[in-house]
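Written out below as C-alpha cells is the structure these notes cover.
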Amino acid sequence: MQTQTGTAVSLLELLSTFPSLRTIGLLRQIVGISERTLKAQVAKDPGATLTLEQSKRAEQVSAILSQAAKVLGSTAAADAWMTRKAIGLDRKMPLELMMTPEGCLALRDYLVRIEYGVYC
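Structural data, given as C-alpha cells:
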C-alpha cells in the first residue's frame, strides 16, 4: 500500500483524540510539524496537505494509537498508557518510542503481546 499525502485537518483531529501527543512538543519530534504550524496551515487553507514523509509518520502514529485503543479498550485508556513507563518497553514511555521506526515496531509488537496476554 502506498501512502498518499494526508490533510493537516486529519492530524489535528488525531491530536484532539489523543491529547498526549501534545506533550512537550512531541508532535514536532514524531511527525516533523508543530501543532501551531498545523493550525496556521488549516486557517490559511482548510484543505492543506502534509508532505509525503509527514503523512507516512502520521499514518504510522495513527495506526499505533488505534491498535492501543483496541487492545486497551478505549482511546482514553490508550492515551493515558502512552505517557506511562512500561517495564516491557525498558521502562520507557510508549510516546518516546514513537520517535523512531524501530521504536514504532517495538510498540506494535508489545501491543500484540498485551493483546494475547504475553507480557515478558
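Counting from 2, one number per residue, gives the positions in the sequence shown under our numbering. Heads up, the beta-carbon is just placed ideally off N, CA and C, and yes, glycines get one too. Remember, it's a predicted structure, so these values are computed and weren't measured experimentally.
- When DSSP states are grouped into helix, strand and coil, Ala87 belongs to the strand group.
- According to DSSP, Lys93 shares a beta bridge with Ala87.
- Bridge pairing for Thr38: absent [DSSP].
- Annotation: the continuous alpha helix (DSSP H) that includes Arg29 extends over 27-32.
- When the Cα atoms are used, Lys86 and Leu27 turn out to be separated by approximately 16 Å.
- Per the coordinates, the alpha-carbon of Tyr111 lies some 26 Å from the alpha-carbon of Ser11.
- When DSSP states are grouped into helix, strand and coil, Thr8 belongs to the strand group.
- In this structure, Gly7 sits away from Thr38, with a CB-CB distance that is not shorter than 9 Å.
- With contact defined as three or more Cβ pairs closer than 8 Å, the segment 101-116 and the segment 59-70 are in contact.
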